[in-house]
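Here is the structure we will look at.
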Amino acid sequence: MDNLVLQMENNNLKSRLKDEKKKKTGKRQLKAPFNTSADGGAMFYTPKAVQKARDYYSEKDQRAEQLRIERAEKKARQEAEKLEKQQKKDIRAKRRAEDKAEKQRLKDEEKVSKQANQQLQNDPKQATRSRKKQPPIVIEEDIEIDEESIVEVARAAPRVNTRGRKIVVPARFLD
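Printed below as a string of structure tokens:
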């Protein structure tokens, strides 16, 4: 039973396929340029007229096919141009990004170099600053100090200004 149903379905499908193939062969009616009858009655064509009609339709089909091919080629050409344009755009963008990265790298190197130079210049200043800012020595014992020893110590110790240069007191102010 199942086999019989499958066979019938298969035969129906085959007949539909044949019908569709017949439709695709495309039998055409002879139209306006070849149809000279105005009364709508039966038309009889000579073999020459039939050949002329077939030639006309084949030329028409060739023109349509040629037009389709030209359109496809034009579309392919436009796609190729678009792709090429996009590739050029990507290359330019990549080049710009590389240039930007290179500039940033150079800028960073320059910044590091500048900081290193600044650090080298600041190191001697740091050393002198640390010497200057030492806390004063505080003597906690009450020691009697006579004025003569203070004057001697003051004369013996070199005086230094804030820049670290020695202060020389003129001789007329010493006595």
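Here UniProt numbering is used: the first residue of the sequence shown is 1, the next is one more, and so on. Backbone N, C-alpha and C fix where the C-beta goes; we use that ideal spot for every residue, glycine too.
{"Check": "CA-to-CA distance, Lys23 to Val5, given in whole angstroms", "Outcome": "27 Å"}
{"Check": "Asp2 versus Met8: straight-line alpha-carbon distance, rounded", "Outcome": "10 Å"}
{"Check": "CA-to-CA distance, Lys82 to Lys98, given in whole angstroms", "Outcome": "Correcting the residue identity first, residue 98 is Glu in this sequence and not Lys. Their Cα atoms are separated by approximately 24 Å."}
{"Check": "Spatial distance of Arg71 from Ala101 (CA atoms)", "Outcome": "44 Å"}
{"Check": "Per-residue DSSP class, three states only, for Ile137", "Outcome": "coil"}
{"Check": "Secondary structure of Arg159, DSSP reduced to three states", "Outcome": "strand"}
{"Check": "Check whether Arg159 and Lys166 have beta carbons under 9 Å apart", "Outcome": "yes"}
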